[in-house]
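To start, the structure itself, in structure tokens.
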Amino acid sequence: MASLGELERAVMDLLWAGHEAATANTLRDLLAQSTEATGGAAGHEGKELAVTTVLTVLSRLEKKGLVERERGTRPHRYQAVSSREDHTAELMHEVLGSAPDREAVLARFIGSVTESEAETLRKLLGHI
Amino acid sequence: MFWTSYLLAVLAIVLAWPVPIFLSRAQWPARSPFTAMLLWQAIALAGGLSMIGAMLVYGLEPIGENLIAGLRALAGMVLFNAPTTALGFWHLFALSAAALLTAHLVFTLLLTYYRIERQRRRHRELLALLASPSTQGAGTVVISHDSPVAYCLPGGARSVTVLSDGLMAALEPAELRAVLIHENAHLSQRHHLLLWAFAAWRQALPWLPTTRLAQESVNALIEMLADDVALKTESKATLIKAIAIVASGSAAAGPGADFQPAGQTGLALDGLETAAGVTGADSARTTASRVSRLLSPRPQLPAALRGSVVAGCVLLLALPTALLIVPGLLG
Chain Y
126 MASLGELERA
136 VMDLLWAGHE
146 AATANTLRDL
156 LAQSTEATGG
166 AAGHEGKELA
176 VTTVLTVLSR
186 LEKKGLVERE
196 RGTRPHRYQA
206 VSSREDHTAE
216 LMHEVLGSAP
226 DREAVLARFI
236 GSVTESEAET
246 LRKLLGHI
Chain E
129 MFWTSYLLAV
139 LAIVLAWPVP
149 IFLSRAQWPA
159 RSPFTAMLLW
169 QAIALAGGLS
179 MIGAMLVYGL
189 EPIGENLIAG
199 LRALAGMVLF
209 NAPTTALGFW
219 HLFALSAAAL
229 LTAHLVFTLL
239 LTYYRIERQR
249 RRHRELLALL
259 ASPSTQGAGT
269 VVISHDSPVA
279 YCLPGGARSV
289 TVLSDGLMAA
299 LEPAELRAVL
309 IHENAHLSQR
319 HHLLLWAFAA
329 WRQALPWLPT
339 TRLAQESVNA
349 LIEMLADDVA
359 LKTESKATLI
369 KAIAIVASGS
379 AAAGPGADFQ
389 PAGQTGLALD
399 GLETAAGVTG
409 ADSARTTASR
419 VSRLLSPRPQ
429 LPAALRGSVV
439 AGCVLLLALP
449 TALLIVPGLL
459 G
């Protein structure tokens, strides 16, 4: 399997799709399955994905506040903190919000637009 | 040295108040956004320099011929316990104020940098998990969201342009190209550095209305600069359509939708004149002035005028510097 970044993404996809907490072992098996299913390069290189790698990925995700560990159970079970949709909404809020201190973070093609202005632009579109 | 501090104070006041107000109301920046951008930077830099300089020169007046001699004498007092009797209460007050203002400006600049970087890193982390690579080229990703959104997240080699599903669905290929060129222009012209500096200036001196004016103007100018780059390869009609489609779509979905300032009558369709000027939200004005300058383009400022604005910028920076450094100037 490829870089840690790609693994993080794969693990989050699994946690988001699964809706329930999973152990590192379960995740490793699921990851192995999905690479086999797609004829992944992992098999060719003869590299088995180690549970410790999955644990590394999970602790990175935990540090980023994306994954949480269930307390008290052993082995630890991990789940996503928020759904994919919530995270997308968080991002879009950051993008579409009009707080002046956010304006320096990214450059939008179009800033926030008032309804009356949008109406004018819609009329304009009709004319073009 | 005595008159120097008064001249610097006058310059600081002129640059802090009337000049930015006139410039923010002027029509010509839309014709030559690059020149206007230079002028805003010169005003901000010279304003800060003369503000600090005025206090410094006033405070050092009893102990030095010029700034360098004064600072040397001051260092002697602070570091080697030279006698300080030459400095009165107001001199010390002015020196402390100058030191505090300098520290405040520098710290705010750094703080703003860290805050922006932190937000960008978080944003990039989430994008790495949520967005998928786009067919539009390297450094472009697609996020699944219905409203038409396009933006770029600067970060050196990790800079990324983000498009939403909604945008891809709403735009024709040529319009999409115009949007991408526009966003890439932001990145290649390093607009984020300007946004950072002016955001920090506003953060540092929020009570100074001109820091808001400057930030708004700079925000509008970078959009015009990016539009001009897009116009080199895409037609005007394509760009206008792209702006209109994205703007009307994002009003329906974005949080900007419920924000409607009182007395906002909208834009006159014929010509979309920006005379509506001061009403409305910052970015609404930005979009309006962008579209109006595309619909009814006016020629670039004549080269001679642009040249004199640039010369004015140089003079703006040279004047406070000369007043500070040259010994005995204006006695």
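Line order of the protein sequences matches chains Y and E.
Just so we're on the same page, the working numbering is the position in the first sequence counted from 1, plus 125.
Just so we're on the same page, the working numbering is the position in the second sequence counted from 1, plus 128.
Note that the Cβ used here is the ideal one computed from N, Cα and C, for glycine as well.
All values reported here derive from a predicted model rather than from experimental measurement.
Is the distance from the Cβ of V307/E to the Cβ of L333/E below 9 Å?
Their beta carbons are not under 9 Å apart, which means V307/E does not touch L333/E by this criterion.
Given a cut-off of 9 Å, decide if L237/E and L184/E are closer than it, judged by their beta-carbon atoms.
Result no, Cβ atoms of L184/E and L237/E do not sit closer than 9 Å.
Among the candidates R286/E, T339/E, H273/E, whose CA atom is the shortest distance from the CA of M296/E?
Among R286/E, T339/E, H273/E, the Cα nearest to that of M296/E is on H273/E.
Along the segment 230 to 253 of chain Y, what residues have a CB closer than 7 Å to any CB found in chain E?
From the segment 230 to 253 of chain Y, only V230, L231, A232, R233, F234, I235, G236, S237, V238, T239, E240, S241, E242, A243, E244, T245, L246, R247, K248, L249, L250, I253 have a Cβ closer than 7 Å to chain E.
Let me see if you follow: with CB-CB separation under 9 Å, is R326/E close to chain Y or not?
Note that residue 326/E corresponds to Phe in the displayed sequence, not to Arg. So, interface residue.
Name the chain Y residues whose beta carbon is nearer than 7 Å to that of I371/E?
The answer, in chain order, is I235.
In its own chain, which residues sit with a C-beta less than 6 Å from the C-beta of A214/E, not counting the 5 before and 5 after it?
For A214/E, where only same-chain residues beyond five positions count, the Cβ hits under 6 Å are P190, I191.
What residues in its chain sit with their C-beta under 6 Å from that of H201/Y, if we drop five residues either side in the sequence?
Excluding positions up to five away in sequence, the list reads R194.
Classify V442/E as buried or exposed, calling it buried when 16 or more other Cβ atoms lie within 10 Å of its own Cβ.
Per the 10 Å Cβ criterion, exposed.
Give the residues of chain Y in contact with H314/E, contact being defined as C-beta atoms less than 8 Å apart.
Those within 8 Å of H314/E in chain Y are A232.
Per DSSP, E187/Y is paired with what?
DSSP, once it has assigned bridges, lists no residue as partnering E187/Y.
In its own chain, which residues sit with a C-beta less than 7 Å from the C-beta of L336/E, not counting the 5 before and 5 after it?
Cβ neighbours of L336/E beyond the five flanking positions: A144.
If we count the other Cβ atoms within 10 Å of its Cβ and call it buried at 16 or more, is V192/Y buried or exposed?
Flag for V192/Y reads buried.
Under the three-state reduction of DSSP, which class applies to S224/E: helix, strand or coil?
Of the three classes helix, strand and coil, the one that applies to S224/E here is helix, per DSSP.
Can you name, in chain order, every residue of its own chain whose Cβ lies under 8 Å from the Cβ of A175/Y, other than the five neighbours on each side?
The answer, listed in chain order, is R153.
Which first and last residues belong to the alpha helix (DSSP H) in which A325/E is found?
Element bounds for A325/E: 319 to 332.
At a cut of 8 Å, does the segment 264 to 281 of chain E reach the segment 227 to 243 of chain E through at least three beta carbon pairs?
Too few Cβ pairs lie closer than 8 Å, so no.
Mind checking whether L246/Y and I196/E have CB atoms under 9 Å apart?
It is not a contact, given that the beta carbons lie outside the stated cut-off.
Check for me: the alpha helix (DSSP H) holding S436/E runs from which residue to which?
It spans 431 to 453 - the alpha helix (DSSP H) in which S436/E sits, taken as one unbroken run.
To be precise: take each residue of the segment 210 to 222 of chain Y, compare its Cβ to all Cβ atoms of chain E, and keep it if any distance is under 9 Å. Which residues remain?
So the close ones are H212, T213, A214, E215, L216, M217, H218, E219, V220, L221, G222.
Please state if the CB of L353/E and the CB of H319/E are separated by a distance shorter than 9 Å.
In this structure, L353/E lies closer than 9 Å to H319/E by Cβ.
Just grab the DSSP bridge partners of P261/E for me.
In the DSSP output, where bridge partners are listed per residue, P261/E has V269/E.
Measure the beta-carbon distance from L136/E to S178/E and round it to whole angstroms, keeping in mind my assumption that it falls under 8 Å.
So it is a contact: roughly 5 Å between Cβ atoms.
Need the endpoints of the alpha helix (DSSP H) that A170/E sits in, please.
First-last of the alpha helix (DSSP H) with A170/E: 161 to 188.
Between which two residues does the alpha helix (DSSP H) harbouring T245/Y extend?
Run containing T245/Y: 240 to 252, per the alpha helix (DSSP H) assignment.
So which residues of chain Y does V277/E contact, with C-beta pairs closer than 9 Å?
The answer, in chain order, is M217, V220, L221, R233, F234, I235.
When the cut-off is 9 Å and only beta carbons count, does P425/E lie next to chain Y?
Judged by the 9 Å Cβ criterion, P425/E is not in contact with chain Y.
When the Cα atoms are used, what is the spatial distance from A226/E to E193/E?
If I take the Cα positions, the gap works out to 18 Å.
Under a Cβ-count criterion, where at least 16 other Cβ atoms within 10 Å of its own Cβ denotes burial, should Y279/E be classed as buried or exposed?
So Y279/E ends up on the buried side.
Does E173/Y come out as helix, strand or coil in the three-state DSSP assignment?
DSSP places E173/Y in coil when its eight states are reduced to three.
Measure the alpha-carbon distance for D138/Y versus L323/E and round it to whole angstroms.
Going by the C-alpha atoms only, they are around 35 Å apart.
Does the distance from the CB of H252/Y to the CB of L258/E come in under 9 Å?
No, they are not a contact pair.
Report the partner residues of R202/Y according to the DSSP bridge assignment.
Paired residues: T148/Y.
Taking C-alpha atoms, which residue in L447/E, L341/E, G294/E, S376/E lies nearest to P146/E?
Residue L341/E is the option with its Cα nearest to P146/E.
In three-state DSSP terms, what is T338/E?
Helix.
Which whole runs of the alpha helix (DSSP H) in the segment 130 to 158 of chain E are 4 residues long or more, in chain order?
You should have 130 to 144, 146 to 153.
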